[in-house]
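Just below is one structure, and these are the notes that go with it.
There are 4 protein chains.
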Amino acid sequence: MSAELFEATKRWGRWGEDDERGALNLLTPERVARAASLVREGVTVPCGRPLATAPAVDNPMPALHHMIHAGDLAVGAKGFDWSGDFIGVAFHGNSVSHVDALCHVFVDGQMYNGAPASEVTSGGARRSSIDVADSGIVGRGVLLDIPRLRGVDWLEPGDAIRSDELDATGVTVEEGDIVLVHTGRDRRRDRHGAWNSYVDGLAGLDAECARWLYDKDPAVLGADGVSDVMPGSDPEWPIPIHMCALVGMGIHLLDNLRLDLLADACAERGRSEFLFVVAPLQIGGGTGSPVNPIAIL
Amino acid sequence: MSAELFEATKRWGRWGEDDERGALNLLTPERVARAASLVREGVTVPCGRPLATAPAVDNPMPALHHMIHAGDLAVGAKGFDWSGDFIGVAFHGNSVSHVDALCHVFVDGQMYNGAPASEVTSGGARRSSIDVADSGIVGRGVLLDIPRLRGVDWLEPGDAIRSDELDATGVTVEEGDIVLVHTGRDRRRDRHGAWNSYVDGLAGLDAECARWLYDKDPAVLGADGVSDVMPGSDPEWPIPIHMCALVGMGIHLLDNLRLDLLADACAERGRSEFLFVVAPLQIGGGTGSPVNPIAIL
Amino acid sequence: MSAELFEATKRWGRWGEDDERGALNLLTPERVARAASLVREGVTVPCGRPLATAPAVDNPMPALHHMIHAGDLAVGAKGFDWSGDFIGVAFHGNSVSHVDALCHVFVDGQMYNGAPASEVTSGGARRSSIDVADSGIVGRGVLLDIPRLRGVDWLEPGDAIRSDELDATGVTVEEGDIVLVHTGRDRRRDRHGAWNSYVDGLAGLDAECARWLYDKDPAVLGADGVSDVMPGSDPEWPIPIHMCALVGMGIHLLDNLRLDLLADACAERGRSEFLFVVAPLQIGGGTGSPVNPIAIL
Amino acid sequence: MSAELFEATKRWGRWGEDDERGALNLLTPERVARAASLVREGVTVPCGRPLATAPAVDNPMPALHHMIHAGDLAVGAKGFDWSGDFIGVAFHGNSVSHVDALCHVFVDGQMYNGAPASEVTSGGARRSSIDVADSGIVGRGVLLDIPRLRGVDWLEPGDAIRSDELDATGVTVEEGDIVLVHTGRDRRRDRHGAWNSYVDGLAGLDAECARWLYDKDPAVLGADGVSDVMPGSDPEWPIPIHMCALVGMGIHLLDNLRLDLLADACAERGRSEFLFVVAPLQIGGGTGSPVNPIAIL
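Protein chains in written order, with our numbering: chain L, 1 to 297; chain W, 298 to 594; chain P, 595 to 891; chain F, 892 to 1188.
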């Protein structure tokens, strides 16, 4: 059934055979300007998680953060001295807030628009790398707050969200929006501690939501999990939302966001839309970037 | 004289003895909202440089970008496959676009607000780390385009900019602004190739501009170089703008921006102000972060 | 009691107040030559573990191994092409085979020979770094095979070995030896899979073995665990063998060796002594090095 | 002509079609035992260079050495504390002492024994990786001291050594030897400072020495440069010794050794043979390893 979904929602060629940007094409200057006009109070809300450098059950590949010059070398120094550090991160996975480039996933050896997997070499991606988002990803963000809809604090790992729930939030999703789905992941983690999301899963969208994405036509999809409900139900289509969105529809994904602060800020104000800014690092040939997206209300 | 400058422009205690945010305190919601209202066309302009992973004369510590799973592992695969990478970077220096946290520089063993250098350990900074900017740095950006003022394409390495030139640009700088100084660095590099900025220098602000900063009271200062003219003239105060801004006034700095695209976009439109968004990664205890700031016109 | 042990076995000043090599001084050319004469068959046995790059319950900080140029860039190439990789590792901990420099551990703020902890800065160690072993650690190795003594395949995690057992192996330990203690760790791991050694522990030497070390006077101590039994019994002296050996006696330690192959090779031949060669990387100011020691029988 | 050389010296199939070890097969236990018998005085001489972590003209990709816990976190601590570090290195190139696995180089898309380049993926090498040397590379080392032969302190960058000079050293090279060629590189660097070896070259073997290698049949070849004279003379065969040795003959290479200490030790004693031990890290699927080989005289 996922294969059918994939074919039914595929939009290769929509912006030309050579297009590498996919639905980012929907982020026209007009839409950006309109999104900026949504700012009322000027409150900024971070939607990235702290870079996880400590080993933990939900962080099998901790990011590196090492000091290369600390205050111990400056103690007693007269005049100028400095401190500095090194960071390193394999950002994909279930921990680090990041954006997925369209080259991050392949279906049957092809990425978005039919480019072959062989275009992603050990030297980097030659097609649909994160370079296409160098100018930032800026637009109207909308928050779909599922725990709020359900009257709970959070969804349990493995809990699947269906498209009728997305509609039931009452939030109008427009073409070219940056759609953010809140599942309450970080609230649960704060309360009960970390869990192994690779084994025990994450709340997220059921595969059938691919059709909803096709109909709503957003520019970008993000979640505090990885958009897909985990674990998936079909071993051959383990993350169907990733597969349909990135490969079929050319929709960039934002994984492992922190959305509890935004959910609170929206609930407090009775709002669900805002200016949303993502600024990927300019990693030439990269398959994505760690990011700290900012919502401005 | 730099020591006098430092004392004359020092603002410790302005926001309380325990303050770690410095002039970021000027980025009030009101100012953020007003900055958002500057957006007219919705054009986004990237102000970060491509992450420099290749060894070059101006890049003595290349960033790491390594594929951990490329298309070669997906060729011929049925169904799902993926690609992913690792990035690593010691972002301070003269190459990578980054924001300096207030703990990055010490004067006589002290950082901003008098905190001792010993608060920055090999485990990270316990005071004034980049954490204070987790919610992003958002405000009114203004571009001071010095090559345009002088009628040249770029300033030469080592060329010092004085405060009367900053005024002569005609751009009104207001309290709480994010001030960006363009010297044409990347234009020169595009035309003539890389040079060793550690030896041959960078165009930038003369030390006396510290007083101008004190008077104008911006929230943040950025440049396509490192704000300071390099090399400096006083071995004991090698980077007086860094020392006065970060340590004395609590002004975060943006180093090694790419401002030629922004200069062109502004010149074309006869503008010099815009919404400016910086989204540092949430590096706990970090002395800064690589960034790709976005100007929205 | 550990504090007493520490004082009773401390040998600061033995090779002069400025000495940074500790018991490596026992590895005289005469001893090296005699050790070489132990080689009979010319069989080489590796005593390092494979560098653990995969996340696992016993590997909270996986080593990095990333290709920077793989065959995918060479496919179809005429003439010359190449492949290459990057490795990165924080080698201390309970997984990677490594040698501990004498600066790796402090007791009451002091390392071996009384040098202050402040000599190990964020720029590296200025005293007793691994540099002192640049010429290699070569000598007579002796294997104390505790599972063989006990008639079991392996010791259980947390199982403490006492000094009378070390003697009961019948192996004569001489001054200047490289003493290796086999607990069967990798056999157990091969059979039952990985366990979290930070929680569930490792077999190793009871604290009282410090006195045995003092009496036997080896040049180096190594084990397939971390020499100390884990978890320790005294929170203030969590790893008393490390503390007494590295800090008090100046004995370098080899942690996380793989000794099952060597145990088999020795048992098969009725031997327990051999030429043993450790070749630390020349990491200036380093607190140790990943190593792959080689026994030659 | 290099293509002819390659074909003339190719030894694919010598140890079977599936062999991945090449000339390491010559390092039989008998040879290892005989090599151990060469030890007389027990003097150990390091043949690795210090890991180069500082940017320099001959080090475009400096190794990473970062403290993750330094003495600054232990100052004032009672009882136990520790220090530790991270190292990271892309070890191929002209700076770091390393061993090349047979999968490091391809000729016409093939590595040693005809395995296709596609066997080296972004996940590591599936054929002839450095794993084949897990047990160490141990044998009779012989030093060919070319500066001594010529009566100079060092050879100049770009200086080619021909096979008749190798013979003229008077050193008898036997089947299965580990042959080390000294060019005086580190002496020159100590005296005159670093130079850009990628531009200005390195002294090394002329292409025709491939035939000499074929005739002498060593197990391993090493040099204080990269064995090949640099720059090469044929753009299509830029490093013919690498190509013929690694790919054609299955001879592992040791690059960027430090041989001045060994040259002095040999000259002083009128010796040219010794026990030689290389202990590569067990990097699964790796294309080589940083090493610090030890000569024992």
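We put the CB at the ideal spot given by N, CA and C, even for glycine.
Given 8 Å, three or more beta-carbon pairs between the region 838–846 of chain P and the region 798–809 of chain P: Verdict: yes, contact present.
Can you tell me where the alpha helix (DSSP H) holding L/I239 begins and where it ends? Translated into positions along the first sequence, residue 239 of chain L becomes position 239. Segment: none, L/I239 is in no alpha helix (DSSP H) and carries neither H nor E.
P/D581 CB to nearest chain F CB: under 9 Å? Shown here, chain P extends from 595 to 891; a query on residue 581 of chain P therefore has no answer.
When the Cβ atoms of the region 486–502 of chain W are set against those of the region 519–533 of chain W, are three or more pairs found closer than 8 Å? Yes, the region 486–502 of chain W touches the region 519–533 of chain W.
Would you call the CB atoms of P/F700 and P/H692 closer than 9 Å? In the third sequence, residue 700 of chain P corresponds to position 106, counting from 1. In the third sequence, residue 692 of chain P corresponds to position 98, counting from 1. No, these two residues do not count as a Cβ contact at 9 Å.
Which runs of the beta strand (DSSP E) spanning at least 3 residues fall entirely within the region 811–873 of chain P, listed in chain order? Runs of the beta strand (DSSP E) inside the region 811–873 of chain P: 814–817, 846–849 and 867–872.
Selection from L/Y198, L/R189, L/G114 and L/L180 that minimises the alpha carbon distance to L/R14: The residue you call residue 14 of chain L lines up with position 14 of the first sequence. Among L/Y198, L/R189, L/G114 and L/L180, the Cα nearest to that of L/R14 belongs to L/G114.
P/R625 at chain F interface by Cβ criterion, 9 Å: As a working note, residue 625 of chain P is residue 31 in the third sequence. True, the Cβ-Cβ gap to chain F drops below 9 Å.
Say whether chain W places a C-beta atom closer than 9 Å to the C-beta of P/T715. In the third sequence, the residue the question calls residue 715 of chain P occupies position 121. P/T715 counts as touching chain W.
Please classify W/K375 as buried or exposed, where buried requires at least 16 neighbouring CB atoms within 10 angstroms. For the purposes of this step, residue 375 of chain W is taken as the residue at position 78 of the second sequence. Exposed.
What does L/W12 reach in chain W if we use C-beta pairs closer than 8 Å? Start at 1 with the first residue of the first sequence, and residue 12 of chain L comes out as number 12. Chain W residues near L/W12: none, gap ~18 Å exceeds 8 Å.
Taking any Cβ of chain L, which residues in the region 425–457 of chain W have a Cβ under 7 Å from it, in chain order? D431, S432, G433 and V435
Test item: CB-CB of F/P941 and P/G842 under 9 Å: In the fourth sequence, the residue the question calls residue 941 of chain F occupies position 50. In the third sequence, the residue the question calls residue 842 of chain P occupies position 248. No; because the gap between Cβ atoms is not below 9 Å, this pair is not in contact.
Within-9 Å CB hit, W/G385 to chain L: As a position in the second sequence, residue 385 of chain W is number 88, starting the count at 1. Yes, because at least one Cβ of chain L sits closer than 9 Å to the Cβ of W/G385.
Where the beta strand (DSSP E) through F/S1180 begins and ends: For the purposes of this step, residue 1180 of chain F is taken as the residue at position 289 of the fourth sequence. In this chain, the beta strand (DSSP E) harbouring F/S1180 covers G1179 to P1181.
Starting from the Cα of W/R482, find the closest Cα among W/D456, W/D464, W/A414 and W/D512 and give me that residue. Position 185 of the second sequence, counted from the first residue, corresponds to residue 482 of chain W. Looking at the Cα atoms, W/D456 is the closest of the given residues.
Under a Cβ-count criterion, where at least 16 other Cβ atoms within 10 Å of its own Cβ denotes burial, should F/S1019 be classed as buried or exposed? Within the fourth sequence, numbered from 1, the residue matching residue 1019 of chain F stands at position 128. F/S1019 is buried by the Cβ-count criterion.
Would you mind stating whether P/T881 and P/A695 have Cβ atoms separated by less than 9 Å? For this step, residue 881 of chain P is matched to residue 287 along the third sequence. For this step, residue 695 of chain P is matched to residue 101 along the third sequence. Yes, the pair counts as a contact, with Cβ atoms nearer than the cut-off.
Does DSSP put W/A322 in a helix, a strand or coil? Here residue 322 of chain W refers to the residue found at position 25 when the second sequence is read from its first residue. What sits at residue 322 of chain W in the sequence shown is Asn, not Ala. Correct three-state label for W/N322: helix.
Over what stretch of residues does the alpha helix (DSSP H) that includes W/V496 continue unbroken? Walking along the second sequence from the start, residue 496 of chain W turns up at place 199. It spans S494 to D497 - the alpha helix (DSSP H) in which W/V496 sits, taken as one unbroken run.
Terminal residues of the continuous alpha helix (DSSP H) containing L/R185? As a working mapping, residue 185 of chain L is identified with position 185 in the first sequence. Residues R185 to H192.
May I ask you to report which of helix, strand or coil DSSP gives L/N113? Position 113 of the first sequence, counted from the start, is the residue given in the question as residue 113 of chain L. In the structure shown, L/N113 sits in a helix (DSSP, three-state: H, G or I).
Report all residues from its chain with a CB closer than 6 Å to the CB of L/D145; omit the five preceding and five following residues, and keep chain order. In the first sequence, counting from the first residue as 1, residue 145 of chain L sits at position 145. Excluding sequence neighbours, L/D145 sits near H182 and A263.
Cutoff 6 Å; reference P/F680; Cβ partners in own chain excluding five residues on either side: On the third sequence, residue 680 of chain P is found 86 positions in, with the first residue counted as 1. Correct list, in chain order: H660 and I662.
Return no unless some Cβ of chain W is closer than 9 Å to the Cβ of F/I959. Position 68 of the fourth sequence, counted from the start, is the residue given in the question as residue 959 of chain F. True, the Cβ-Cβ gap to chain W drops below 9 Å.
Beta-carbon of W/L399 versus every beta-carbon of chain F: anything under 9 Å? Here residue 399 of chain W corresponds to residue number 102 of the second sequence, with the count starting at 1. Judged by the 9 Å Cβ criterion, W/L399 is not in contact with chain F.
Counting only beta-carbon atoms, is W/L370 nearer than 9 Å to chain F? Reading the second sequence from its first residue, position 73 is the one you call residue 370 of chain W. Cβ-Cβ to chain F under 9 Å: yes for W/L370.
I think F/G907 touches P/H698, with their Cβ atoms under 8 Å apart; what is that distance to the nearest whole Å? Here the question's residue 907 of chain F lines up with position 16 in the fourth sequence. Here the question's residue 698 of chain P lines up with position 104 in the third sequence. F/G907 to P/H698, Cβ: 45 Å. No contact.
Mind pulling the chain F residues with CB within less than 7 Å of P/E768? Along the third sequence, one-based indexing puts residue 768 of chain P at 174. Within chain F, no residue comes near P/E768; the closest Cβ sits about 15 Å away, beyond 7 Å.
Would you say F/M1134 reaches chain P, if we count a Cβ-Cβ gap shorter than 9 Å as a contact? Counted from its first residue, the fourth sequence places residue 1134 of chain F at position 243. Yes, F/M1134 lies at the interface with chain P (some Cβ there is under 9 Å from its Cβ).
P/L760 (DSSP reduced to helix, strand or coil): Looking up residue 760 of chain P in the third sequence gives position 166. Reduced to three states, the DSSP call for P/L760 is helix.
Taking C-beta pairs closer than 9 Å, name the residues in chain P that L/S118 reaches, listed in chain order. Position 118 of the first sequence, counting from 1, holds the residue named residue 118 of chain L. Identification of chain P residues near L/S118 by a Cβ-Cβ cut-off of 9 Å yields D666 and V669, ordered along the chain.
Going by DSSP, what residues sit across from P/V732 in a beta bridge? Position 138 of the third sequence, counted from the start, is the residue given in the question as residue 732 of chain P. By DSSP's assignment, P/V732 forms a beta bridge with P/V871.
Taking F/R1031 as the reference, give the member of F/R1078, F/Q1001, F/L896 and F/A924 with the closest Cα. What you label residue 1031 of chain F is simply residue 140 of the fourth sequence in a count that begins at 1. That would be F/A924, whose Cα lies nearest to the Cα of F/R1031.
Which whole-angstrom value is the C-beta distance of P/V651 and P/A788, which I expect to be below 8 Å? Along the third sequence, read from residue 1 onward, the residue named residue 651 of chain P stands at position 57. Along the third sequence, read from residue 1 onward, the residue named residue 788 of chain P stands at position 194. At roughly 5 Å, the Cβ-Cβ gap stays under 8 Å, so P/V651 and P/A788 are in contact.
Would you verify that the beta carbon of L/A61 is, or is not, closer than 9 Å to some beta carbon of chain P? In the first sequence, counting from the first residue as 1, residue 61 of chain L sits at position 61. Note that residue 61 of chain L is Met in the sequence shown here, rather than Ala. With 9 Å as the cut-off, L/M61 counts as an interface residue toward chain P.
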